[in-house]
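Beneath this line is the structure, given in structure tokens, with notes to follow.
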Amino acid sequence: MVYNCFLQMEKSMFSKTSYIMSLILSIGFSGASGQPDLREVSGTILLETPVERKLHSLSPYARTRYGKTTHTKSKPNEITEVVLFIPQEQLPTTLSLKPDTFSIKQHNLQLIPHILVIPVGSVVNFPNHDNVFHNIFSLSPTKRFDLGRYPEGESRSVTFDEPGVVKVFCDIHAEMNALIYVIDTPLYTRPNQAGEFSLSSIPPGKYDLHIWHDILGEQVITIDLAAGDLNDLTIKLSN
Ligand SMILES: [Cu+2]
2 MVYNCFLQME KSMFSKTSYI MSLILSIGFS GASGQPDLRE VSGTILLETP
52 VERKLHSLSP YARTRYGKTT HTKSKPNEIT EVVLFIPQEQ LPTTLSLKPD
102 TFSIKQHNLQ LIPHILVIPV GSVVNFPNHD NVFHNIFSLS PTKRFDLGRY
152 PEGESRSVTF DEPGVVKVFC DIHAEMNALI YVIDTPLYTR PNQAGEFSLS
202 SIPPGKYDLH IWHDILGEQV ITIDLAAGDL NDLTIKLSN
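Under our numbering, residues 2 to 240 are what the sequence shown spells out, in order.
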């Protein structure tokens, strides 16, 4: 009992010491701006298997036209649709979000971009650039909406107040779909076409790095950024 207590005291003293040490290191490495030293994690995402998309249409009209399910092949830039983030609740202090206005256009019977990551509180405009009517909607619990039918040159907008994934469809064209990831942390990024990613401005500490893809699911890896940056990580994703 006494021994356990002693161990715990030792442990807490140790963590205090390492905290003070990291504080000293932080101060030591502070930039000219006086900002505390911030960390970076970077690396490469590898897509090990092709991604097969099964498109389940929710529209009765589209179902009669295209059948219940259509398959689409892996897209050339599939890797750029991965989202990497550190959850807000893990950060030592709450970092503020910067909500903004974004756009998903309807063009050539597609929703562009196919994936959009937005901070909570952001607005998305849905302009129609086709010479046909579209009817954009979502049944996702994070944000249900139905913009109704509107022609070329018109737009509607939606505000996203809750974090989560929002799947967007067109009630008229089954091939049209997009995905909005409404995120509550400012610490997120997406890889480039080579799969390379970099996430910076992270307070020193140990975190779960989430790696999310709408078909491949979510992976979580622990990253230790207490002592310094973490570079050249390789993360493999497969079905
Ligand atoms: Cu449409």
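Heads up, the beta-carbon is just placed ideally off N, CA and C, and yes, glycines get one too.
Have a look at residue i and residue j and give me their C-alpha separation to the nearest angstrom.
i	j	result
T102	I216	26 Å
S202	T94	13 Å
G206	L226	5 Å
N240	S158	35 Å
L231	L200	10 Å
L188	E155	34 Å
P51	K76	9 Å
P142	D172	18 Å
F127	F198	28 Å
L238	V42	18 Å
G218	I105	23 Å
D233	L117	26 Å
G165	K144	9 Å
L96	N129	35 Å
P88	L110	35 Å
T81	D185	20 Å
L112	M177	6 Å
E49	V183	27 Å
E90	N132	45 Å
Going by DSSP in three states, residue i sits in which element: helix, strand or coil?
i	result
E219	strand
I116	strand
I80	helix
G229	coil
E244	Because the chain in this structure spans residues 2 to 240, residue 244 falls outside the shown range and cannot be described.
L1	In the structure displayed, the chain extends from 2 to 240; residue 1 sits before or after that span and is not available.
R157	strand
H211	strand
H135	strand
T190	strand
P93	coil
I105	coil
Is the beta carbon of residue i within less than 7 Å of some heavy atom of ligand 1?
i	result
I181	no
I173	yes
H115	no
H214	no
H135	yes
Over the uninterrupted beta strand (DSSP E) stretch that includes residue i, give me the two end residues.
i	result
E53	First-last for E53: undefined, no H or E at that position.
F146	146 to 151
N87	One detail in the question is off: residue 87 reads as Ile in this sequence, not Asn. Careful: I87 lies outside any beta strand (DSSP E) and carries neither H nor E.
M197	Here residue 197 is Glu; the residue named in the question, Met, does not match the sequence. First-last of the beta strand (DSSP E) with E197: 197 to 203.
F170	165 to 171
Count the other C-beta atoms from every protein chain shown that fall within 10 angstroms of the C-beta of residue i, then say buried if there are 16 or more, exposed otherwise.
i	result
I1	Since the first and last residues shown for the chain are 2 and 240, residue 1 lies out of range.
Q194	exposed
If you measure from the beta carbon of residue i to each beta carbon in chain B, is any gap under 8 Å?
i	result
V42	In the displayed structure, chain B is absent; only one protein chain is listed.
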